[in-house]
Each structure stands twice: as C-alpha cells, then as structure tokens.
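K.L.:
Before we start, here is the structure in question, set down as structure tokens.
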Amino acid sequence: VRTAGGPHLDFVLGRIVIDFVKEIRYPGVVDVGLCVRRLGTRSFTIANGVFQGETCHAVAEATLVFFDTESRTSHTPPAAVRAALEKLLHA
Numbered sequence: 009v010r011t012a013g014g015p016h017l018d019f020v021l022g023r024i025v026i027d028f029v030k031e032i033r034y035p036g037v038v039d040v041g042l043c044v045r046r047l048g049t050r051s052f053t054i055a056n057g058v059f060q061g062e063t064c065h066a067v068a069e070a071t072l073v074f075f076d077t078e079s080r081t082s083h084t085p086p087a088a089v090r091a092a093l094e095k096l097l098h099a
C-alpha cells in the first residue's frame, strides 16, 4: 500500500492459528470464507473457514500488522485502507 507522500506500508503476519477439523482429499474444490474480526490501530485480525460443500474442514485466525517498510516499524493505515477494512468487519 503506498499513499501519496505517505509511508510505504505492507502487512506482516503477527500471529496465526489453524484448526484442522476434517481431512480434505485431493482433487477437490474448496470454498474459503473470510471476515475481519477485529480492527485495531495498527493491526487487524481476520477469520477464515475452509469448506467443501456444507462441511467445514478448517478454521483459521490471523493477526496482520501494518508495517512501514522504510522505518521498519508498525504504522497506522491510511484512512482509505481502514475504511475498506471496516466494511469487512464482522462483530
């Protein structure tokens, strides 16, 4: 993410937890659902579900941190990025 005149931002993975519920066999088609669970000042947490048909095979939760690639520190996101994530926020 690059904003005009602003910091050079990227995401870094701060934490991930995956629970495998049921085996998935190859070949096959899966659907992955995603929502934003938490939106902090410098990070956000997403939740994922992996489905094959109606069956949930795995769930995951990951925390991503906004990271300034020049200063090498966490950073607040631009307003437009935050607004886009707020649209995906699921309470």
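Heads up, the sequence shown is in the working numbering, so the first residue is 9 and it goes up one at a time. A virtual CB, placed ideally from N, CA and C, is assigned to each residue, including glycine. Given the structure is predicted, the values throughout are model-derived calculations rather than measurements.
For Glu94, which of helix, strand or coil comes out of DSSP?
P.N.:
Indexing the sequence shown from 1 puts residue 94 at position 86. Correct three-state label for Glu94: helix.
K.L.:
Ala92 and Ile24: beta carbons closer than 8 Å?
P.N.:
Taking the sequence shown and counting its residues from 1, the one referred to as residue 92 is at position 84. Taking the sequence shown and counting its residues from 1, the one referred to as residue 24 is at position 16. Cβ atoms of Ala92 and Ile24: not closer than 8 Å.
K.L.:
Assign Gly13 to one of two classes, buried (16 or more other C-beta atoms within 10 Å of its C-beta) or exposed (fewer than that).
P.N.:
Taking the sequence shown and counting its residues from 1, one reaches residue 13 at position 5. With a pLDDT of 42 at Gly13, under the threshold of 50, the modelled position of this residue cannot be trusted, and the question is left open.
K.L.:
Buried or exposed: Pro85, going by 16 or more other Cβ atoms within 10 Å of its Cβ?
P.N.:
Within the sequence shown, the letter at position 77 stands for residue 85. The residue in question, Pro85, is buried, as its Cβ has 16 or more Cβ neighbours within 10 Å.
K.L.:
Quick check on the burial criterion: 16 or more other C-beta atoms within 10 angstroms. Buried or exposed for Leu21?
P.N.:
One-based indexing of the sequence shown puts residue 21 at position 13. By the neighbour-count criterion, in which a residue is buried when 16 or more other Cβ atoms sit within 10 angstroms of its Cβ, Leu21 is exposed.
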